[in-house]
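Colleague:
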Amino acid sequence: MKKMKRFVVIILTLCLTVTMLAGCGKKVETTETPKDGAKVDNKESSEETANNEPIVLKALVPNQGGLAWNDPEANPVYGWITEKTGYKVEYDILPADNPFDKLNAIVAAGADYDFIVLNDKSRYADYASQGALMDMKELIEQYAPSIASTISQSMFDVCVVGETYYCIPSASPTGREDSSNVGNGIMIRADILKKMGLTMPTTLEEFTAMLQAFKDTDPTGKGSAATPLSATMADLNNLRIGGLGGAFGVESDWKDVNGELVPYQLQDGFYDFLVYLNELYTKGLLDTEMPTNQIATTLEKFTTDLALCRIDGWWSLPSLVETFKTTNPEAAVEYVQPLEMAGKAGMSASSINQMDFYVVIPKNAKNVEATMDYFAKKLVPETFKEMVIGIEGVDHNVDAEGNFTPILPTFFEHRGNANIYLTGTTEDYGTYWLCRARKNEDQFKAYSQLNFDYGSFIHVNPGSDVPCSIYAQISTNLTNSASFTEEFVVNSVVSGITAESYQDFIAEWKSLGGDKLIEKYNEWYTSR
Amino acid sequence: MRKSSALRNKDIRQAEKAVNRRLIKKNLDLYLFLIPGILFIIVFRYMPMYGLTTSFQEYNIFSGILESPWVGFKNFNMLFTSRNFYSVLRNTLFISFGKILFTFPLSIFIAILINEIGRTFLKKTYQTVLYLPHFLSWVIVSGLVTAACSPSTGIINQVIVGLGGQPISFLMDNQWFRTVVIASEAWKEVGYSAIVFIAALTGINPELYEAAKVDGAGKLRQIIHITLPGMLSIILLMFILNLGNVLNANTEEILLMYNPTVYKSGDVLGTFIYRTGVSQMNYSYATAIGLFESLVGLLLVLTGNFTSKRTTGRSIW
Amino acid sequence: MGIKPSSKIKKGKEAILVTAFAYLFITILVLLIIFPLMHVVSKAFSEEWAISSGSVGIFPVGFQFDAMNSIIGSQRFLVAFGNSVLITVLGTICTLVVTAFTAFPLSLRNLPHMKKILLFFVFTMYFSGGIIPTYLLYNAYGILDTRIVLIVPGLINVFHLLIIKNFYEDIPESIIESAKVDGASNLTIFLRFIVPLSKPVYATIVVFTSVMIWNNYFGPMMYVNSPELQTLPLYLRDMISKATDIQAKIAMMQEVSEESITAAAIVAATVPILCVYPFMQRYFVKGMTIGSTKG
């Protein structure tokens, strides 16, 4: 009898352990079943299942701002792609603020995304050299040789890390002669400016005076909550590139000084630029909540008359205008011309070799063959064309010289957000791109203002041509020196900068990998 | 003599062993009770300790512990020579001791005052409210604090401006940030940590007070001579428990409230580890800091416990 | 006044002063706690104009329920809420069962080796692998970004184990002895006698554990990425730091203030705790006392 009982106890205890672990395991199983199902389907044969349910691929994409990103699966382009390729993609979107924290964690955790879209060159090179990504060259040869002919070889060459490349590149050849592209500029509420009786500033002095006037006269009646120039921490860098840094000659990340490339941290005007920003901050002209602001906060301030200026890309115009329709129909947005001081002014553009997207397949991806097939299907020239500019006569027209023009508003409705689904771009993308840039009048106006009206101010960053392989040669962790710079900039803007703190910063930055970066960039620059 | 007593000791030990064996055999099922717990503690608590070896490596997450190269004490050298580390350590100690020095006496004080409130209903209601913030998550509390501290719309700054002052960016000012951290911790936890002291108060013999009254001792003297001594051992014990957490200066709270402008004053070991490890993927370096933190924490608890055993006869285990 | 037995003796001036001070001080403290909370609640229900003009104090100005409606209707909120409920319920049950069982042998002092085994547990309270090795280990186990990682790693809290153990130790040994004489096995003793007697301490642990899981931000933030695994604290963090729940906000943009929606989210996430809070009070007070005075 006693033995029986003991036996029961043993069984019970074991059961407890097992149910405890299994009980919790079960829930996960249920959430993962669809995934597993897809995997099994896939292994059997991708053709068999294509007839029935579309195969599900999991993708991780950056947040490019705008409402389209809220729900990529609700867009008409999404349904079209699913139908055309037979693959259904489930999108996970990185947060707009500090996306790299999350991205690092995901990549490091070996997540089994079928593909990840990266929009940062050093990040791509970093993951590639750490062995987190699959060899794309091999995959293309093995599964989708057609891709090698639709994407230009020169784009792949830029992406080489070590012996091979690990991504499918996407780039936008723009309307400018050198295909460079200016994204960010200082936006201003032209309607408020008019109300204040001022004209668009062209010099740094005028700009500062305008901000001061906004603060002093409070034309929108918001009191102490109003801020002349709203920004996030990350925007400080955009302000440098997008119009303010030019006045100090530091608009470009890298600058050719007597045949040598100098990073912006070491360029002559950088110190003065930070002093200027600090002045704005202490006077309350630059958003006093800047260090804690999120992108959405500045957007909100800008759209609710709390802020006069903020910095953002021209692609944000359509959703911005849409928001203004509900908050303030009379609002008008324009870009401020790069501001001039002592004959210096400018903004920076990156060259075509700075890819928009690096589409990679992580090491743990399960549906490699299917994913490659999906990429290849989207890159078939006719499919690609219809994906990005729609159908002739419905979404776009074509003239005798082969120039495409969008038919509005159908183009915007059908293909307005096609760019977020890009996984590689064909050689014809340049001609389609010009058509896409006109997809929305507000956006095109903003784009041309930055890239053509202010075109004479554009300086192309010579460092943006650098091949990815040089990042792989720098073994030190570049994230360190990058975040160190950001911290220094923010601190200088908020608490002030001294010659001493600047010297300390430079020394520390160099030791964190900056030195090597300069060395490798220049090695490449001189041997080019 | 010696030999025989040694022999006897040996006998006793053997007899004990036999008894033990019998006890174990008889209660084998009880030992089975322990299996899930022990398994769990090995898998989720002791296994990570094995991971501490990464601090002696140049860890690459895609190669794992087995294939990452060993670098000896390189990470520790880097750590102890980095300027950052000392500033982080200083912040950690400053915030922790600030909390102990401020929250601790305050909760004792509150316990004593609550004890003075006679009306039962009011007392109960007050206690309910005082314990409440403990049950709000730091996410919510940090949200309240951030809103209250906002330089343009925050209530605190509105008061300051109303009194003719200049608004202060509390969360972006190195002079203020630590104060805000300590104060919000106090707001959230001070009532709750008074519970233990209130309990200790009810354990004090009422006759002591009666006797003191007969002797003509006033209220204040009663508090000083009876109440406080009566709570002394629990105060010491709580102090030691807190001491073990000194390097643990509430990472979650700070992570939710800080920003780069206050790294100088607000970055603590936990947040520093999080940033270098998770955000910057410097796993080995971050692990080295973590090992340092754990070792010092252990040392502090052991010392504290030893002192407590010596002085009050109470220990935490 | 004067329910206390000591009031028989006439109160001196000093005593009255001390009492008055006690009332004053505690009342101020209580108001300091109540006001910010009431402010959030009133923001959640105040109308847009009142919030933008800054006239909302501790009571709602105007009244709207739209903000709360849009939160309750938001898909993201519901997912987060559902996840939080699920992991809290499951996590609490699992923890309670495992801890209750483990603590029983540990409470029997005459059982050989128990001291050593207890030390084996207690050691993890004061020494740990730390954030990064734990993270890397979970990665190696392959449980990152799954529901397991939200429930299982918290399964045993050594502090709670000690509370239960201490409680068991206070149960008179005669109960166990007499049961043994009757020939009951250890399991029967435990289930028949110990468990029913220990209900109060179990309630305490349920309170501690469920609140801990419900409010945990750091764990989910570190270990979970997928939107379908978001928990309430993660959702709230997004709302509060303005990386907003667009679905909930866009729909409402004109009618209610954005602040209202954030406040409504806070209120909606806190209501479950507030509902059970009055019932919990007895237990956590007890638990704090057992846990610390006996340790």
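Chains as they are written, first to last, in the working numbering: chain W, 1 to 528; chain V, 1001 to 1317; chain F, 2001 to 2295. Ideal placement from N, C-alpha and C gives every residue a C-beta, glycine not left out.
Is I1042 (chain V) helix, strand or coil by DSSP?
Modeller: Residue state, collapsed to three classes: helix.
Colleague: How is the alpha helix (DSSP H) around V466 (chain W) delimited, first residue to last?
Modeller: Neither: V466 (chain W) is in no alpha helix (DSSP H) and is coded neither H nor E.
Colleague: Measure from the alpha carbon of I2087 (chain F) to the alpha carbon of each residue in F:E2047, F:P2233, F:V2271, F:E2048, then state which is nearest.
Modeller: Selected option, being the one with the closest Cα: F:P2233.
Colleague: Determine which residues of the segment 75-108 of chain W have a Cβ less than 8 Å from any Cβ of chain F, and write them out in chain order.
Modeller: Against chain F - using a Cβ distance shorter than 8 Å - the residues of the segment 75-108 of chain W are D92, P95, A96, D97, K102, A105, I106, A108.
Colleague: Which residue marks the beginning of the beta strand (DSSP E) containing G185 (chain W), and which one marks its end?
Modeller: First-last of the beta strand (DSSP E) with G185 (chain W): 184-189.
Colleague: Closest to A1288 (chain V) by C-alpha separation, out of F:N2069, F:S2070, F:S2128, F:L2118, would be which residue?
Modeller: Selected option, being the one with the closest Cα: F:S2128.
Colleague: Mark A400 (chain W) as exposed unless 16 or more other C-beta atoms lie within 10 angstroms of its C-beta, in which case mark it buried.
Modeller: Exposed is the call here.
Colleague: Select from W:V359, W:Y143, W:G246 the residue whose C-alpha is nearest the C-alpha of I116 (chain W).
Modeller: Per the Cα distances, W:V359.
Colleague: Only counting runs of 4 or more residues, tell me where the alpha helix (DSSP H) segments fall wholly within the segment 2156-2237 of chain F, in order along the chain.
Modeller: As far as the segment 2156-2237 of chain F is concerned, its whole alpha helix (DSSP H) runs of at least 4 residues are 2158-2170, 2173-2181, 2199-2215, 2218-2223.
Colleague: Would you call P381 (chain W) buried or exposed, if buried means 16 or more other Cβ atoms sit within 10 Å of its Cβ?
Modeller: Counting Cβ neighbours within 10 Å, P381 (chain W) comes out exposed, since fewer than 16 surround it.
Colleague: For K1124 (chain V), count neighbouring Cβ atoms within 10 angstroms of its own Cβ and tell me buried if that reaches 16, exposed if not.
Modeller: It counts as exposed.
Colleague: Along chain W, which residues have their Cβ under 7 Å away from the Cβ of F1061 (chain V)?
Modeller: Position check: residue 1061 (chain V) holds Ile in this sequence, whereas Phe was assumed. Those are A108, listed as they occur along chain W.
Colleague: Report all residues from its chain with a CB closer than 8 Å to the CB of L1079 (chain V); omit the five preceding and five following residues, and keep chain order.
Modeller: So the list reads F1085, Y1285, A1288, I1289, F1292, once near-sequence residues are dropped.
Colleague: With burial defined as no fewer than 16 other Cβ atoms inside 10 Å of the residue's Cβ, what is the status of R1022 (chain V): buried or exposed?
Modeller: Classification for R1022 (chain V): exposed.
Colleague: With 16 other CB atoms within 10 Å as the buried threshold, where does T31 (chain W) fall?
Modeller: Residue confidence for T31 (chain W) is low, a pLDDT of 36 falling below 50, so the modelled location carries little weight; the figure read from the coordinates is stated next. Answer is exposed; the Cβ neighbour count stays below 16.
Colleague: Whole angstroms is fine: what's the gap from S1142 (chain V)'s alpha carbon to P2153 (chain F)'s?
Modeller: Those two C-alpha atoms are separated by around 25 Å.
Colleague: Look up Q1014 (chain V) in the DSSP assignment and say whether it is helix, strand or coil.
Modeller: In this structure, Q1014 (chain V) counts as helix in the three-state DSSP scheme.
Colleague: Rounded to a whole number of angstroms, what is the C-alpha to C-alpha distance between V2097 (chain F) and K2165 (chain F)?
Modeller: Going by the C-alpha atoms only, they are around 13 Å apart.
Colleague: Alpha helix (DSSP H) containing H414 (chain W): first to last residue?
Modeller: Where H414 (chain W) is concerned, the enclosing alpha helix (DSSP H) stretches over 410-415.
Colleague: Just the C-alpha distance for T2146 (chain F) and V2085 (chain F), rounded to the nearest angstrom, thanks.
Modeller: About 16 Å.
Colleague: So with Cβ pairs under 7 Å, would you call K2004 (chain F) a contact of chain V?
Modeller: Here the model assigns K2004 (chain F) a pLDDT of 47, short of 50, so the residue's position is not dependable, and the following value carries that caveat. So, interface residue.
Colleague: What did DSSP end up calling L512 (chain W) once you bin it into helix, strand or coil?
Modeller: In this structure, L512 (chain W) counts as helix in the three-state DSSP scheme.
Colleague: Confirm, please, whether the CB-CB distance from N2225 (chain F) to I106 (chain W) is below 7 Å.
Modeller: Taking 7 Å as the Cβ cut-off, I106 (chain W) and N2225 (chain F) qualify as a contacting pair.
Colleague: If you reduce the DSSP assignment to three classes, tell me which class F357 (chain W) lands in.
Modeller: Strand, per DSSP.
Colleague: Does any residue of chain F bring its CB to less than 7 Å from the CB of K1219 (chain V)?
Modeller: Yes, its Cβ sits closer than 7 Å to a Cβ of chain F.
Colleague: At what residues does the alpha helix (DSSP H) containing M1257 (chain V) begin and finish?
Modeller: Taken as a continuous stretch (DSSP letters only), the alpha helix (DSSP H) holding M1257 (chain V) covers 1251-1257.
Colleague: Taking the runs of the beta strand (DSSP E) that are 3 residues or longer, which of them lie wholly in the segment 248-308 of chain W?
Modeller: Counting whole runs of 3 or more residues, the segment 248-308 of chain W contains the beta strand (DSSP E) stretches 254-257, 260-263.
Colleague: To which residues of the same chain is Q443 (chain W) closer than 7 Å at the C-beta, ignoring the five residues directly before and after it?
Modeller: For Q443 (chain W), where only same-chain residues beyond five positions count, the Cβ hits under 7 Å are W314, W315, L317, P318.
Colleague: For the beta strand (DSSP E) that contains P169 (chain W), what are its first and last residues?
Modeller: Run containing P169 (chain W): 167-170, per the beta strand (DSSP E) assignment.
Colleague: Please confirm whether I2148 (chain F) has its beta-carbon closer than 7 Å to some beta-carbon of chain V.
Modeller: No - not a single Cβ of chain V is within 7 Å of the one on I2148 (chain F).
Colleague: Quick check on E523 (chain W): does DSSP put it in helix, strand or coil?
Modeller: Helix.
Colleague: When you compare the CB positions of D253 (chain W) and Y271 (chain W), do they come within less than 7 Å of one another, or not?
Modeller: Contact flag unset, no.
Colleague: Looking at I1140 (chain V): is its Cβ nearer than 7 Å to the Cβ of A1148 (chain V)?
Modeller: Cβ distance not < 7 Å, so I1140 (chain V) and A1148 (chain V) don't count as in contact.
Colleague: How would you label C435 (chain W), buried or exposed, when you count the other beta carbons within 10 angstroms and need 16 or more for buried?
Modeller: By the neighbour-count rule (16 or more Cβ atoms within 10 Å), C435 (chain W) is buried.
Colleague: Which chain W residues are close to N1077 (chain V), counting only those with a beta carbon under 8 Å from its beta carbon?
Modeller: Chain W residues near N1077 (chain V): none, gap ~14 Å exceeds 8 Å.
Colleague: Nearest by alpha-carbon distance to I2072 (chain F): which of F:Y2283, F:I2148, F:S2055, F:V2271 is it?
Modeller: Closest option to I2072 (chain F), Cα to Cα, is F:V2271.
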